[in-house]
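What follows is a set of notes on a single structure, which appears directly below.
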Amino acid sequence: GHRLRQRRSGRLDQSGSDTLTINSSGLLDLNGNDESVGHLIFNGGRTASGELRFVGSDEVTVNANAQTATIGSSMFLDGVNNDFVVADGAAAIDLNITGSINAGTINKTGAGTMQLTNTADFTAVINVNEGTLLLANPSTSAIQGTLSIGDGIGAPGADVARLLANNQLADNAFAVSVQS
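In the numbering used here, the protein residues as written are 1 to 180.
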């Protein structure tokens, strides 16, 4: 596959309006560095190590693909709303987030399946407004902040959060809400 390996932080110099596309054979390896990104598009592919820093209200788009897209980097969401639009492709899991999520909001839309196998900290908010969210952190709570399921739009069962392991919602989670 194709690989872009980061040697120092800030080398991509993305602004909020720039787009970075990672294709099915692609790997964005941050090599332990931080990188600011604007619009991030996945056609499969993955990120590894380091921290993706979202600048302003940004969007992650996962296009339908036979390969699971993976965000293996931690994510700093800059305290604002970030739309994660996940299409339903041939992969059972369309987007797998194995990195931690900090300081902001993810609005998950699109009919696809997004899985969290790490922790969304107490400053993070996850809104499932369409499709499926799988919570599968094997060692601790996936959600330590706020989880909202449903936006009042769509058919019953259109917005789903499924717990694939024990204790996925922290005892001190701020709120869990379910709307019809």
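Note that the Cβ used here is the ideal one computed from N, Cα and C, for glycine as well. Quick caveat, the model's predicted, so the values are computed rather than measured.
Cα-Cα separation, residue i to residue j
i: residue 164; j: residue 140; result: 12 Å
i: residue 89; j: residue 166; result: 27 Å
i: residue 62; j: residue 146; result: 23 Å
i: residue 6; j: residue 108; result: Any reading at residue 6 is ruled out, since the residue's pLDDT is 46, under 50, leaving its predicted position unreliable.
i: residue 87; j: residue 160; result: 15 Å
i: residue 120; j: residue 135; result: 10 Å
i: residue 44; j: residue 74; result: 18 Å
i: residue 36; j: residue 55; result: 6 Å
i: residue 72; j: residue 158; result: 27 Å
i: residue 176; j: residue 125; result: 10 Å
i: residue 170; j: residue 144; result: 5 Å
i: residue 51; j: residue 21; result: 17 Å
i: residue 94; j: residue 64; result: 7 Å
i: residue 137; j: residue 59; result: 24 Å
i: residue 155; j: residue 127; result: 17 Å
i: residue 76; j: residue 57; result: 12 Å
i: residue 4; j: residue 28; result: Only weak support exists for where residue 4 lies, its pLDDT of 49 falling under 50; the coordinates are left without a value.
i: residue 103; j: residue 34; result: 15 Å
Among the options, the one whose alpha carbon lies nearest that of residue i
i: residue 40; options: 33, 26 and 32; result: 26
i: residue 78; options: 53, 72 and 70; result: 53
i: residue 129; options: 111, 122 and 116; result: 111
i: residue 24; options: 118, 137 and 69; result: 69
i: residue 38; options: 67, 84, 66 and 32; result: 84
i: residue 49; options: 127, 32, 152 and 91; result: 32
i: residue 142; options: 153, 34 and 115; result: 115
Buried or exposed by the 16-neighbour rule on C-beta atoms within 10 Å, applied to residue i
i: residue 150; result: buried
i: residue 172; result: exposed
i: residue 148; result: buried
i: residue 11; result: Because residue 11 carries a pLDDT of 49, less than 50, the predicted location of this residue cannot be relied on, and the following value inherits that uncertainty. With fewer than 16 Cβ atoms within 10 Å of its Cβ, residue 11 is classed as exposed.
i: residue 8; result: Confidence is the limiting factor: at residue 8 the pLDDT is only 47, short of 50, which leaves the residue's position unreliable and the question unanswerable from this model.
i: residue 132; result: buried
i: residue 178; result: exposed
i: residue 99; result: buried
i: residue 101; result: buried
i: residue 66; result: exposed
Distance between beta carbons of residue j and residue i, contact taken as under 8 Å
i: residue 30; j: residue 19; result: Going by Cβ atoms, the distance from residue 30 to residue 19 rounds to 18 Å, so no, they are not a contact pair.
i: residue 105; j: residue 81; result: 5 Å
i: residue 123; j: residue 96; result: Between residue 96 and residue 123 the Cβ distance is about 22 Å, and since that is not below 8 Å, they are no contact.
Within-8 Å CB hit, residue i to chain C
i: residue 146; result: No chain C appears in this structure, which consists of one protein chain only.
Cβ-heavy atom distance, residue i to the ligand NAD, below 7 Å
i: residue 32; result: With respect to the ligand NAD, the structure shown offers nothing to examine, as it has no ligands at all.
task: Please specify which runs of the beta strand (DSSP E), each continuous and at least 3 residues long, are wholly inside the segment 80–150, giving them in chain order.
output: 81–86, 95–97, 104–109, 113–116, 124–128, 131–135 and 146–149
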